[in-house]
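Notes to accompany the following structure.
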């Protein structure tokens, strides 16, 4: 059997092997709600939301991962009732390694929020998301013995580019914690990759992307008139792999008006179990929010990485329209 460069085998097997493939994740998972659960679309205080996240990881170890996410959501009331639709979509981009292993996905989302109470803010949501995913790598950047003896990389059974359809479905429950409309919580569960798409650069249709189950929860409650705590949590299961991440941020409103602060400052930390400790700072102003986080590596790779993981930057904007049935004027609407 001809010699193959180790990085090529690791690359292809890790993304093509049935038991080894895992999904993209962000430390600021709370800024990528559609990646967590399509039923979390529209659960915010506003009519529309745009979010962008950029992640740069493992530069201290190798040619690292660069991952970007862009998602948008728009809420629409259903008739004169308290029900809502949310429509939107998510675009993901990920590139890693010297072979430029790349994934691009474009997935629209729709979520229906059913009001469960005429008196309280209480919603049950059912969401669907699905679209196209493309994966590729640059064969010209891979060198094997055949590159010198035969002028090729010798991998005749490898396709450097493939596309598949993917889909996910989820449910969530969103309501108030108290009489204060800003004290909210949500819980949800999602089932990803129910299409079980082909997931290999080898021409083998039996290798599929494993379905993933994700449970999510979030709580926001006031501490003082000008401060509050937000807790977020995710637990994912994908075949034999599991990931748990959760934590909290403390927010302080700065300004003379509690309902219209000049700034809101957040600080806190999250923990990805057995992987990374993640401090986060965030600032909000006039509908915009900017957040920075850094992964402090606590996994078995720590000796090689010297504790350095990756950083993330996110930008988000939440706004209201001037329509008569804007959620700004609604007594009840999905919010967090």
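In the working numbering, the protein residues as written are -4 to 331.
Note that CB positions come from ideal geometry on N, CA and C, so glycine has one too.
All values reported here derive from a predicted model rather than from experimental measurement.
- Should the stretch 320 to 327 be called in touch with the stretch 29 to 36, which here means at least 3 C-beta pairs below 8 Å? no
- Message: Taking the alpha carbon of residue 102 as the reference point, which residue from 164, 52, 228 and 48 has its own alpha carbon closest?
- Response: 164
- Message: residue 249 and residue 259 - do their beta-carbons sit closer together than 9 Å?
- Response: yes
- Query: So, using beta-carbon positions, are residue 25 and residue 227 closer together than 9 Å?
  - Reply: yes
- Item | Residue interval of the beta strand (DSSP E) (run including residue 200) | Looking at the DSSP string, residue 200 is not in any beta strand (DSSP E), and its letter there is neither H nor E.
- Item | Residues of its chain near residue 78, where Cβ-Cβ distance is below 8 Å and the 5 sequence neighbours each way are ignored | 72, 107, 108, 109 and 110
- Query: For residue 115, which of helix, strand or coil comes out of DSSP?
  - Reply: coil
- Ends of the beta strand (DSSP E) at residue 71? 60 to 72
- Message: DSSP three-state label for residue 228, please.
- Response: strand
- Query: Between which two residues does the alpha helix (DSSP H) containing residue 318 stretch?
  - Reply: It is not in any alpha helix (DSSP H) - residue 318 carries neither H nor E in the DSSP assignment.
- Boundaries (first-last residue) of the beta strand (DSSP E) holding residue 208: 207 to 219
- Nearest-angstrom Cα separation, counted from residue 155 out to residue 282: 42 Å
- Query: Start and end of the alpha helix (DSSP H) containing residue 28?
  - Reply: 28 to 31
- Message: Using DSSP's beta-bridge definition, name the partner residues of residue 103.
- Response: 84
- Express the C-alpha separation of residue 266 and residue 200 in angstroms, rounding to a whole number. 37 Å
- Query: Between the Cα of residue 177 and the Cα atoms of 198, 83, 88 and 40, which residue gives the shortest distance?
  - Reply: 40
- Find out if the Cβ-Cβ distance for the pair residue 67, residue 84 is shorter than 9 Å. yes
- For residue 260, three-class secondary structure by DSSP: strand
- Tell me whether residue 180 sits in a helix, a strand or coil according to DSSP, three-state version. strand
- Item | Those residues which DSSP pairs with residue 160 across a bridge | 127
- Query: Roughly how many whole angstroms lie between the Cα atoms of residue 313 and residue 331?
  - Reply: 12 Å
- Is there contact between the stretch 111 to 126 and the stretch 166 to 174, where contact requires at least three CB pairs shorter than 8 Å? yes
- Task: Determine the contact status of residue 22 and residue 311, defining contact as a CB-CB distance below 9 Å.
- Result: no
- Message: Tell me the rounded alpha-carbon separation between residue 252 and residue 92.
- Response: 49 Å
- Query: Do the CB positions of residue 129 and residue 99 come within less than 9 Å of each other?
  - Reply: yes
- Task: Verify whether the separation of the beta carbon atoms of residue 125 and residue 162 is less than 9 Å.
- Result: yes
- Please report the residue range of the beta strand (DSSP E) in which residue 240 lies. 236 to 249
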